[in-house]
Amino acid sequence: MMNPLAVAAGLFFFVSFSGSALAASAPDPSGTWNRGDGNAKVRIAPCGSNICATNVWIKDTSGGEAVGDKLVMTLQPKSADTLTGKAFDAKRALTYAIQLKVAGQKLVTRGCLVGGLVCKSVNWSRAR
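In terms of our numbering, the sequence shown opens at residue 37 and continues consecutively.
Set out below in structure tokens:
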């Protein structure tokens, strides 16, 4: 059976902020990102009043990941380079605590379940 935390941390997200857009000082995760393990590519872009992150390429689908998978997140800026909040994975009916740290061409996502007892971090790089 696939690890839902690994899938969610590796997947990505819809992002819904407290306002209609991020504050000017908030990090901007928009763009296309390659997952560090080489198995996934996601696109983060505006989607209505939200920001959507969608799997646009999956190398190996045997772990349950598929093109088109999404997460829906509610995020708040935590610092100049970090967003935190909740992520809902509709495909798996799971909600995670999530953190995104954006540093230029690098992104680190951290998703947690069970009140933070089970967490996984994933490294990403901007696609060229």
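Even for Gly, the Cβ is constructed at its ideal location relative to N, Cα and C.
Going by beta carbons, L153 and I134 fall outside the 9 Å limit.
The three-state reading of DSSP puts V103 in coil, since its state is none of H, G, I, E or B.
Taken through DSSP and simplified to helix, strand or coil, G152 comes out as helix. L119 and A163 have their alpha carbons spaced roughly 21 Å apart. Excluding the 5 residues flanking it on each side, C148 has same chain C-beta neighbours closer than 7 Å at Y132, A133, V154, C155, in chain order. The closest CA to that of W160, considering only T97, D105, D73, V150, is found on D73. Straight-line spacing of the CA atoms in V150 and G121 works out to 15 Å. The continuous beta strand (DSSP E) containing K122 extends over residues 118–125.
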